[in-house]
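Residue numbers for the sequence shown follow the numbering used here, so the first one is 1123 and each next one is one higher. C-beta atoms are modelled at their ideal positions from N, C-alpha and C, and glycine is treated no differently. Read through the structure below, which is laid out as structure tokens, and then see the notes.
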Amino acid sequence: MSNKYLIANWKMQLSIGESRSLALELAERLASTRTDWSVAVCPSGPALSQVAESVRGSDLLLGAQNSFWEDRGAYTGEVSPANLKELGCSLCLVGHSERREYLGETDEMVGRKVAALLARNIMPVICVGETENERDDGRSEEVIVRQLTSALADADCRSSDGQRLIVVYEPIWMIGSGRTIELEDVTASAQLIRSTLNELCTAAAADRFCTVAYGGSVDAVNLSGFLSCPGIDGALVGGDSLTADNFMGLLEIASRS
Ligand code: PEP
């Protein structure tokens, strides 16, 4: 599997049937696509088992949008990493800004989730990024370093036989907004994430096991620009991942980059 990742975040946008059909179509089209990219879809929780059937035997990876940190217990409404593993999830989003904002997910909770996912051999896709106010106050760097440090606080990522993880730089003001961001700012954040990972994991482990990606209003017009930023080796896509034509179009662009 390539260490470059194109990941679809379907959020709560599709019915179970729509998720199953879209996954089937993507899996079929991926089979006849030449690419050195790893491609994943993250359906909503209730659609996971049907999408798991759709992607079985294909190169399309299954991801979850959330996980709890315990494998079993009295945690009504939560989903365990053990269940995600049983379903065949290879990866799981953690700390998405929508969960931080609407569901009260804290830095500490993100850290516990990351450690639990790694323990189950599920690749965490850790989302970090600043709000518009934090950016205007010149606090972007502080926020990114704090979120990333907490996310890896409980994880053993210094080992030379470590597990892969993905860190997505998602400036919150870019998510679903269709706004533009300077590529120099994306590069600077990617470099900050890389240097923080070097400290937290050791440079050798970070180099070997960590992928840094960009997310926020990715589309067919701006994707190649984001992928040209040094240090960016992936994209997390919301809105433009909801049709097979759009998402496969992004994969074509990524594969040429
Ligand atoms: C997201 O929320 O993870 C995301 C990238 O959304 P969008 O592409 O719609 O901005």
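For the beta strand (DSSP E) that contains residue i, what are its first and last residues?
i	result
Ala1335	1332-1337
Pro1246	1245-1250
Ile1129	1127-1131
Leu1287	1287-1291
Asp1214	For the sequence presented, residue 1214 should be read as Cys rather than Asp. Its beta strand (DSSP E) spans residues 1213-1216.
In the DSSP assignment, the alpha helix (DSSP H) including residue i goes from what residue to what residue?
i	result
Ala1357	Note, Ala1357: premise wrong, no alpha helix (DSSP H); beta strand (DSSP E) at 1356-1359.
Ala1186	Premise fails: Ala1186 lies in the beta strand (DSSP E), 1183-1186, not in any alpha helix (DSSP H).
Tyr1197	Here Tyr1197 belongs to no alpha helix (DSSP H), and DSSP marks it neither H nor E.
Thr1318	1305-1323
Ser1346	1345-1349
Ile1375	1366-1378
Ile1134	Rather than Ile, the amino acid found at residue 1134 in this sequence is Met. Where Met1134 is concerned, there is no enclosing alpha helix (DSSP H), given that its DSSP letter is neither H nor E.
Val1340	Element bounds for Val1340: n/a, residue is neither H nor E.
Asp1362	Here Asp1362 belongs to no alpha helix (DSSP H), and DSSP marks it neither H nor E.
Met1231	1229-1241
Leu1225	It is not in any alpha helix (DSSP H) - Leu1225 carries neither H nor E in the DSSP assignment.
Pro1203	1203-1209
Return the Cβ separation of residue i and residue j in integer angstroms, given the expectation that the two are a contact with Cβ distance under 8 Å.
i	j	result
Thr1318	Gly1353	In fact, because the Cβ distance is near 12 Å, the residues do not count as touching under 8 Å.
Val1340	Ala1312	Not really, about 14 Å apart at Cβ, beyond 8 Å.
Gly1233	Ile1288	No, Gly1233 and Ile1288 are not in contact; Cβ-Cβ is about 16 Å, not under 8 Å.
Lys1133	Gly1337	Contact flag wrong, Cβ pair sits at about 12 Å.
Val1250	Leu1270	5 Å
Phe1369	Ala1130	6 Å
Asp1362	Leu1372	6 Å
Leu1215	Gly1167	Incorrect: roughly 11 Å between the Cβ atoms, too far for contact.
Cys1279	Cys1323	4 Å
Ala1366	Arg1151	6 Å
Met1245	Ser1281	That belief does not hold up - the Cβ atoms of Met1245 and Ser1281 are roughly 15 Å apart, past 8 Å.
Arg1142	Ser1176	5 Å
Gln1187	Asn1243	Going by Cβ atoms, the distance from Gln1187 to Asn1243 rounds to 18 Å, so no, they are not a contact pair.
Leu1128	Ala1174	The Cβ separation is near 19 Å, so there is no contact.
How about residue i: is its C-beta nearer than 7 Å to some C-beta of chain D?
i	result
Gly1353	Structure shown: chain D not included; a single protein chain is present.
(request) List in chain order: all unbroken alpha helix (DSSP H) runs of 4+ residues lying wholly within the stretch 1153-1178. (result) Entirely contained in the stretch 1153-1178, the alpha helix (DSSP H) runs reaching 4 residues are, in chain order, 1170-1177.
(request) Inspect the CB distances between the stretch 1194-1203 and the stretch 1145-1165 and report whether three or more fall short of 8 Å. (result) No, because fewer than three Cβ pairs between the stretch 1194-1203 and the stretch 1145-1165 fall closer than 8 Å, the two stretches do not touch.
(request) Pair every Cβ in the stretch 1267-1277 with every Cβ in the stretch 1291-1301, then say whether three or more of these pairs are closer than 8 Å. (result) Counting C-beta pairs closer than 8 Å gives fewer than three between the stretch 1267-1277 and the stretch 1291-1301, which falls short of the contact rule.
(request) Give, in chain order, every unbroken run of the alpha helix (DSSP H) that is at least 4 residues long and sits entirely within the stretch 1257-1284. (result) Along the stretch 1257-1284, the alpha helix (DSSP H) occurs as fully enclosed runs of 4 or more residues at 1262-1273, listed in sequence order.
(request) Assess, as a yes-or-no matter, whether the stretch 1298-1307 is touched by the stretch 1326-1334 under the definition of 3 or more beta carbon pairs within less than 8 Å. (result) The stretch 1326-1334 is not in contact with the stretch 1298-1307.
(message) If contact is defined by three or more beta carbon pairs under 8 Å, each pair taking one atom from either stretch, is the stretch 1257-1266 in contact with the stretch 1235-1244?
(response) Result no; under three Cβ-Cβ pairs closer than 8 Å.
(request) Examine the Cβ distances between the stretch 1190-1198 and the stretch 1159-1166 and report whether three or more of them are shorter than 8 Å. (result) Contact between the stretch 1190-1198 and the stretch 1159-1166 is absent, because fewer than three Cβ pairs lie under 8 Å.
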